[in-house]
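Shown next, in structure tokens, is the structure this report addresses.
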Amino acid sequence: MQRTFDDLQLGSIELFCLAAEAGSFTAAALVAGVTPAAVSRSVSRMEERLGVRLFARTTRSVKLTDSGRRYYEECRQALAQLVEAQREVMGQQQEPSGTLRISIPTTYAHHRILPLLPAFRERFPQVKVESHISNRNIDFVGEGYDLAIRVRAIPDSGLIARQLEDAQLVMIASPDYLKRAGTPQTLDDLKNHECIQYDLPSSGRRIAWLFNDDGVQREILAEGDLSCSDDVLGGVTLAKHGAGLFQTYRFIVEKELADGSLVEILKPYGGRSRPFTLLYPQSRHVPLRLRAFIDFLIEHLPR
């Protein structure tokens, strides 16, 4: 292997990443313990060597160019791998440590992941967990996430997908609604009922309800005047207050089905499910804290 970088160039890459993250040469200099002029000279040398502009500069701020953003994403990941490799070689990673940034959809966060975090922290006290609870798709490298959980795997060759749970779906309604509107007995009866809609936040597309109909899997786009998006719990709340019928994950409404505040309907057509998938970037070096968290989830989540 030929030598590609000298010590000065590696240091320049670190200063470049600090400046990119801070959006300021002055702030990067403060963190690095050097002068703003030293950061500026270092970045200028990099730009001259690469033949591209990494920052667009004004008298008040610096901002990454498109080329600078792509270069930063790659450099950040490479530096993180170097730090993790160094820790393992030095024996500092015998116990998982550092910050773990995870992105979780709202329903799965509240009903599955967040209740497990105290036990995870008790087992691995040196790992700090930052939870981003949202249904939007995140940029792993650009936003600095280690792991995400999604209902569907994202078609990205740079991500490793591992199924966590095949979550069963259930049709629900409140006793008050069923008393007022009647209980549907077949799928054709849905057209006579108020069917609460859920729109996918990423596309605005209305999500279909899934059923088993005498061994045939069916998807039905039911009609209704009430809809919600981004948070499935909105549809559950509407159903609990008598607004209509709704399909959701059984694990969300187990308590309500047990105490009778919600009723399961159309049982002969049930049994469908959707998978929750764990996603993380492909890498030759997976941080120990990430491996520990994945193993912990596999151990504690329903299969």
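Quick note, the sequence shown lines up with residues 1135 to 1437 if you use this note's numbering.
A virtual CB, placed ideally from N, CA and C, is assigned to each residue, including glycine.
Check                                                                                                                                                                            : Outcome
Mind the definition here: the segment 1238-1246 touches the segment 1180-1190 only if three or more C-beta pairs lie below 8 Å; say whether that holds.                          : no
My output table needs one value for alanine 1153: the three-state DSSP class, helix, strand or coil.                                                                             : helix
Nearest CA to the CA of leucine 1431: which residue from Ser1395, Glu1256, Leu1412, Glu1208?                                                                                     : Leu1412
Mark aspartate 1280 as exposed unless 16 or more other C-beta atoms lie within 10 angstroms of its C-beta, in which case mark it buried.                                         : buried
To the nearest angstrom, how far is the alpha carbon of leucine 1379 from that of aspartate 1322?                                                                                : 14 Å
Could you spell out where the beta strand (DSSP E) holding valine 1261 opens and where it closes?                                                                                : 1261-1267
Between the Cα of glutamate 1181 and those of Leu1152, Ala1156, Gln1143, Thr1160, spot the shortest distance and give me the residue it belongs to.                              : Gln1143
Of all the options Leu1372, Ala1282, Ala1301, which has the alpha carbon lying nearest to the alpha carbon of aspartate 1310?                                                    : Leu1372
Evaluate contact between the segment 1420-1435 and the segment 1251-1271, counting only Cβ atoms and requiring at least three cross-stretch pairs below 8 Å.                     : yes
Since valine 1285 contacts glycine 1404 with CB under 8 Å, what's their CB separation in whole angstroms?                                                                        : Not quite, the Cβ-Cβ distance comes to about 18 Å (not below 8 Å), so this is no contact.
For threonine 1382, count neighbouring C-beta atoms within 10 Å of its own C-beta (all shown protein chains included) and say buried if the count is 16 or more, exposed if not. : buried
Inspect the beta-carbon positions of proline 1230 and leucine 1422 and report whether they are closer than 8 Å.                                                                  : yes
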